[in-house]
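Undergrad: Residue numbers (our numbering), protein chains in the order written: chain A, 27 to 191; chain B, 27 to 191.
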DNA sequence: CGACCTGAGTATAAAAAGTAAACCTAGCCG
DNA sequence: CGGCTAGGTTTACTTTTTATACTCAGGTCG
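(1) Can you name the residues that DSSP bridges to residue 159(A)?
(2) Let's test the definition: count the other Cβ atoms within 10 Å of the Cβ of residue 109(B) and tell me whether it reaches 16, buried, or not, exposed.
(3) Between the alpha carbons of residue 168(A) and residue 111(A), how many angstroms are there, rounded?
(4) Just checking: is the beta-carbon of residue 118(B) within a distance shorter than 9 Å of some beta-carbon in chain A?
(5) With respect to the alpha helix (DSSP H) encompassing residue 105(A), which residues constitute its N-terminal and C-terminal limits?
(6) How is residue 136(A) classed by DSSP in three states: helix, strand or coil?
(7) Quick check: the Cα distance between residue 124(B) and residue 53(A), rounded to an integer number of angstroms?
(8) List the residues that DSSP assigns as beta-bridge partners of residue 111(A).
(9) What residues from chain A crowd round residue 113(B), counting only those whose CB sits closer than 7 Å?
(10) Can you tell me the Cβ-Cβ gap for residue 84(B) and residue 73(B), rounded? I've got them flagged as a contact below 8 Å.
(11) If I follow the unbroken beta strand (DSSP E) through residue 146(B), where does it start and stop?
(12) Counting contacts by CB-CB distance shorter than 9 Å, is residue 65(A) in contact with chain B?
(13) Please report the straight-line C-alpha distance between residue 57(B) and residue 126(B), rounded to a whole angstrom.
(14) Taking residue 56(B) as part of the alpha helix (DSSP H), name the residues at either end of that continuous run.
(15) Starting from residue 9(A) and walking both ways along the beta strand (DSSP E), at which residues does that stretch end?
(16) In chain order, what residues of the segment 170 to 182 of chain B put their CB closer than 9 Å to some CB of chain A?
(17) Should residue 196(A) go down as buried or exposed, given a rule of 16 or more other Cβ atoms within 10 Å for buried?
(18) Counting along the chain, where does the alpha helix (DSSP H) carrying residue 81(B) start and finish?
(19) Examine the Cβ distances between the segment 149 to 166 of chain A and the segment 162 to 182 of chain B and report whether three or more of them are shorter than 8 Å.
(20) In the DSSP assignment, find the alpha helix (DSSP H) that holds residue 46(B) and state where it starts and stops.
(21) Find the residues of chain A that neighbour residue 135(B), judging by a C-beta separation of less than 9 Å, and give them in chain order.
(22) Determine the closest residue to residue 75(A) out of 97(B), 113(B), 34(B) and 78(B), with distance taken between C-alpha atoms.
(23) Output the boundary residues of the alpha helix (DSSP H) element that contains residue 122(A).
(24) Starting from the Cα of residue 51(A), find the closest Cα among 120(A), 101(A), 66(A) and 137(A) and give me that residue.
(25) Classify residue 81(B) as buried or exposed, calling it buried when 16 or more other Cβ atoms lie within 10 Å of its own Cβ.
(26) Give the DSSP-derived three-state secondary structure of residue 74(A) in the structure shown.
(27) Does the beta-carbon of residue 95(A) have 16 or more other beta-carbons within 10 angstroms, so that it is buried, or is it exposed?
(28) Determine the contact status of residue 159(A) and residue 37(B), defining contact as a CB-CB distance below 9 Å.
(29) Just to confirm my understanding: we take residue 113(B), look at its own chain, exclude 5 residues before and 5 after, and list those with CB closer than 7 Å. What are they?
(30) Taking the straight line between their C-alpha atoms, what separation do you get for residue 134(B) and residue 174(A)?
(31) Give me the Cα-Cα distance between residue 117(B) and residue 139(B), rounded to the nearest whole angstrom.
(32) Relative to the C-alpha of residue 176(B), which residue among 181(A), 132(A) and 154(A) is closest?
(33) Would the beta-carbon of residue 44(A) fall within 9 Å of that of residue 61(B)?
(34) I'd like to confirm the pairing. Which residues does DSSP put opposite residue 164(B) in its beta bridges?
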């Protein structure tokens, strides 16, 4: 992160994709719900048992994730029971994998359990372990020191008028 | 994410790097504080002005980040003012870049501002835009469908005794 | 010298979010 | 019919977050 130049303190911070993503998945339990579903847990009671979170929050989080297309419900029926719904991750939800794997990787590096990580993600077939990497379009690895933060088309200052839609 | 096999509902969920990372950076405002500091904002009042968050929370989050080595304080002095401290990101903090860039990338894809992203990250020198990618050790791109979640050395079941340290 | 300004926080009261535990409901089973 | 189960909802209580006011130290101004 190159910050030799002074930051723009008049930057309009309301147009931020990080903040907008966190509005959807930044509340307590949300990413852990996703984790459990990725790990294959899909039923309300099972999620509740694994997470140990309040049932009303679990219901609220699931509703929000479904409303926003990150999860979907899918009918299923256990033998001799009525038809119910299970939760599955959509393609949109799977696009959160890099972010969550980034958190996992950081935790594995800095807050590891003494016995090692509880789970390891591998490339199926190949069997090799995974990592999350920042790369540029020329496929170079980009460490934080070589990142340059530039204004994009949506950059606005605090005094800029909102663009007319 | 391959979940053809039934999930282990007796899995001990307390050994999880995602959860441990979120304990440090998952509270409201924390990742946005980091964002501002990455963008070059480093003083308490400036952070407060950019974020618009409560001052006591800002102080609390900064303290926690510093206590955990994600940020550090650094003396500085503006001309004709007493020496004060500014906040800078450490190497440990910079290792959160993939996770946060993952959130940014998701937001750019699914919750974009109509005028485009406010900021674009580039590889300095090269100038090419960045992306966060999941790769295996053989350098294959790994889409979610090809991820296999396997138990690691720290995997425990709910009934497993805690390993004696 | 003393009044005032500024950056960096603390303190506090009200509002919102999270928690725990009880309650509800629809369909199946006997 | 009565009880069991999965998947929630309700409610009463605690913790966080929010907004705003206050403090404090060092430097400038007159």
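Glycine included, C-beta positions come from ideal geometry on N, C-alpha and C.
TA: Result, derived from the coordinates:
(1) 159(B)
(2) Flag for residue 109(B) reads exposed.
(3) 43 Å
(4) yes
(5) From DSSP, residue 105(A) is part of no alpha helix (DSSP H); its letter is neither H nor E.
(6) Reduced to three states, the DSSP call for residue 136(A) is helix.
(7) 20 Å
(8) 101(A)
(9) From the beta-carbon of residue 113(B), no residue of chain A is found nearer than 7 Å; the closest lies around 12 Å away.
(10) 6 Å
(11) 145 to 149
(12) yes
(13) 8 Å
(14) 56 to 64
(15) The shown model of chain A, from 27 to 191, leaves out residue 9(A), and the question about it has no answer.
(16) So the list reads 170, 171, 172, 173, 174, 175, 176, 177, 178, 179, 180, 181 and 182, given in the order they occur along the chain.
(17) Since the first residue of chain A shown is 27 and the last is 191, residue 196(A) is not available in this structure.
(18) 81 to 93
(19) yes
(20) 43 to 51
(21) 43, 118 and 121
(22) 34(B)
(23) Run containing residue 122(A): none; DSSP gives neither H nor E here.
(24) 120(A)
(25) Residue 81(B) is exposed by the Cβ-count criterion.
(26) helix
(27) exposed
(28) no
(29) If you ignore the 5 residues before and after residue 113(B), its C-beta comes within less than 7 Å of the C-beta of 63, 68, 88, 97 and 99, all in its own chain and listed in chain order.
(30) 17 Å
(31) 31 Å
(32) Minimum Cα distance to residue 176(B) is reached at 154(A).
(33) Against a cut-off of 9 Å, the Cβ pair of residue 61(B) and residue 44(A) comes out as a contact.
(34) Beta-bridge pairing links residue 164(B) to no other residue.
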